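Numbering (the numbering used here), first residue to last: 31 to 246.
C-beta atoms are modelled at their ideal positions from N, C-alpha and C, and glycine is treated no differently.
Just so you know, these numbers come straight off a predicted model, no measurement behind them.
The structure under discussion appears below in the form of structure tokens.
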């Protein structure tokens with residue numbers, strides 16, 4: 031049985047649970063017409079929520095929270111993680127009908143761009159924009175992981191040190207597409223901080239020729 035204490039001033043729920051999964055033990059998800067099966071989406075979302083609840087233990091003493099175990103590119107199918115049920119996360123892996131959590135991928139070589147760039151050049155453009163754009167919420171970004179097709183950052187608040195995890199992935203089998211996920215570690219809602227952050231980056235990237243793949 032879980033013991034729960036609510037701190038309404040910060041909208042934080044400290045819940046003691048027994049961790050039952052890590053990133054390597056998530057059940058495989060099967061694609062259906064290029065999308066994750068809805069029933070399996072629910073199962074994964076429940077596991078993610080349990081992981082986030084466990085990460086919130088002791089949050090009253092450490093507002094940065096614990097890095098979720100499920101960050102990174104999932105395997106079955108390859109994709110960034112879905113969002114938990116809380117309203118403080120957006121992800122391109124979500125279904126387009128999920129207006130709370132879905133956000134459209136970006137294209138760094140849309141038809142309107144004259145000077146096409148490589149994935150490596152696009153990654154550098156993205157990093158330059160991240161480092162030069164002042165986030166609407168005034169969080170400070172820090173790159174904590176980088177590979178040839180993946181970028182993970184921690185955005186930390188100037189007061190109390192809250193941390194949001196932001197990921198960008200350049201799928202090797204999808205030409206010029208960038209997937210992303212932005213989520214708060216703690217709390218239940220974010221006053222659209224994550225969506226506003228991503229929008230600010232997108233607007234700056236559009237000045238360099240990028241475009242949003244879809245519109246919502």
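Three-state class that DSSP yields for residue i in the structure shown
i	result
residue 137	strand
residue 113	coil
residue 244	coil
residue 146	coil
residue 179	coil
residue 157	helix
residue 87	Reliability fails at residue 87, whose pLDDT of 47 lies under 50, so the model's placement of it is uncertain and no value is given.
residue 124	coil
Expected contact under 8 Å - CB spacing of residue i and residue j to nearest Å
i	j	result
residue 137	residue 241	5 Å
residue 156	residue 181	7 Å
residue 123	residue 111	7 Å
residue 185	residue 198	Not quite, the Cβ-Cβ distance comes to about 13 Å (not below 8 Å), so this is no contact.
Span of the beta strand (DSSP E), counted from its first residue to its last, around residue i
i	result
residue 211	207-214
residue 223	Run containing residue 223: none in the beta strand (DSSP E); it sits in the alpha helix (DSSP H), 223-236.
residue 94	First-last for residue 94: undefined, no H or E at that position.
residue 194	193-199
Residues near residue i by beta carbon distance below 6 Å, same chain, minus five either side
i	result
residue 140	241
residue 234	159 and 163
residue 143	239
residue 120	131, 133, 212, 224 and 225
Closer than 6 Å: residue i CB and nearest the ligand FMN heavy atom
i	result
residue 99	The ligand FMN is not among the ligands present in this structure, which contains no ligands whatsoever.
Close-in-space but distant-in-sequence residues of the same chain around residue i (CB under 7 Å, 5 per side omitted)
i	result
residue 130	117
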